[in-house]
Amino acid sequence: MKNTNILEVKNLTFGYEDEPVLENFNMSISKNEILLIDGENGAGKTTLLKCITNIINNGKNIFINGVEVFSDKSVLKNISFIMSEDTLYDYLTLKENIIFFKTLFDEDDEYVDNVKSLCNELAIDKYEDYLIKNLSQGTRNKLYLSIMLSKKHNILILDEPFTALDKNTQSIMINKIKSNSKEKEKCVIMVTHVSEFKEISTRVMTINKILN
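In full-length UniProt numbering, the protein residues as written are 1 to 212.
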């Protein structure tokens with residue numbers, strides 16, 4: 001039987017110094033799923049996402065489309081990771097940030113069109129010539145989400161990026177995430193405390209804190 005899992009974590013153990021965070025952890029997610037990862041603070045939710053995205057742990061025990069990240073980092077291009085803090089460049093304009101990320105992600109001109117379309121939908125296109133450092137946090141968040149959601153990916157990972165969004169933006173993001181998960185061979189993994197986003201999940205996985 002064909003393996004339909006896009007992402008698998010197999011027997012992952014990780015900790016900081018002498019403090020274990022994840023121990024023999026296993027999970028998988030298949031196409032078209034929206035997985036909500038739940039758990040108390042300190043349970044390892046963000047640590048897990050950082051392991052999956054190769055920020056820590058060097059890709060060991062993480063498999064994307066059956067390929068271990070440790071042995072082939074190129075599979076990471078299948079991931080778009082939206083963190084709680086943006087990675088925008090303060091001394092570039094909104095427009096220049098879009099071009100920068102187009103180059104960074106090795107995207108084509110369609111990517112720029114998609115980002116600009118989403119910026120227009122979120123009513124921030126009027127700031128295209130403003131330096132990022134002069135924009136409000138809400139506007140920065142909208143641009144960051146537009147940039148990351150427009151990146152080509154099979155796996156969309158979101159770590160608490162919604163807390164500072166107004167209701168209209170939340171509604172737009174919910175629709176984008178739902179449509180994203182319905183596309184062929186795509187899935188979504190979320191960590192969030194915003195109830196509106198919890199409601200669109202197709203599965204909930206709870207991580208329990210390891211007791212020392």
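Idealized CB from N, CA, C, for every residue including glycine.
The model shown is predicted, which means the values in this text are computed figures rather than measured ones.
Asked                                                                                                                              : Found
Identity of the residue in I157, I174, E23, T169 nearest I52 by Cα                                                                 : I157
Closest residue to E23 among N11, E110, Y16 (Cα-Cα distance)                                                                       : N11
Cα-Cα separation between D126 and E85, rounded to whole angstroms                                                                  : Per the sequence shown, residue 126 should be read as Lys rather than Asp. Taking the straight line joining both Cα atoms gives about 23 angstroms.
Whole-Å CB distance - T93 paired with Y130, under 8 angstroms assumed                                                              : 6 angstroms
CB-CB length for I177 against V191, believed under 8 angstroms                                                                     : Not confirmed; about 13 angstroms, so no contact.
Residues bridged to D113 [DSSP beta-bridge criterion]                                                                              : D113 pairs with nothing; no bridge assigned.
Assigned secondary structure, M27 (DSSP; H/G/I helix, E/B strand, else coil)                                                       : strand
Alpha carbon of F25 to alpha carbon of N134, nearest angstrom                                                                      : 42 angstroms
Cβ neighbour criterion (16 or more within 10 Å) applied to E17                                                                     : exposed
Reference H69, options T206, E8, E110, closest by Cα                                                                               : According to the sequence provided, residue 69 is Val. The question's His does not apply to it. It is E8 whose Cα lies nearest to the Cα of V69.
Alpha-carbon spacing of R203 relative to H193, whole angstroms                                                                     : 15 angstroms
DSSP beta-bridge partners of T206                                                                                                  : D38
Beta-bridge pairing of T93 - partner residues as DSSP gives them                                                                   : L131
DSSP three-state assignment for F105, whether helix, strand or coil                                                                : coil
Chain-order list of residues whose beta-carbon lies under 8 angstroms from that of I174 (same chain, five-residue window excluded) : E196, F197, I200
8 angstroms Cβ cutoff met for N78 and N154                                                                                         : yes
Own chain partners of N57 with C-beta closer than 8 angstroms, once the 5 adjacent residues on each side are dropped               : L12, F14, K50, C51
C-beta contact flag for G59 and K45 at 8 angstroms                                                                                 : no
Alpha-carbon to alpha-carbon, K182 and V75                                                                                         : 21 angstroms
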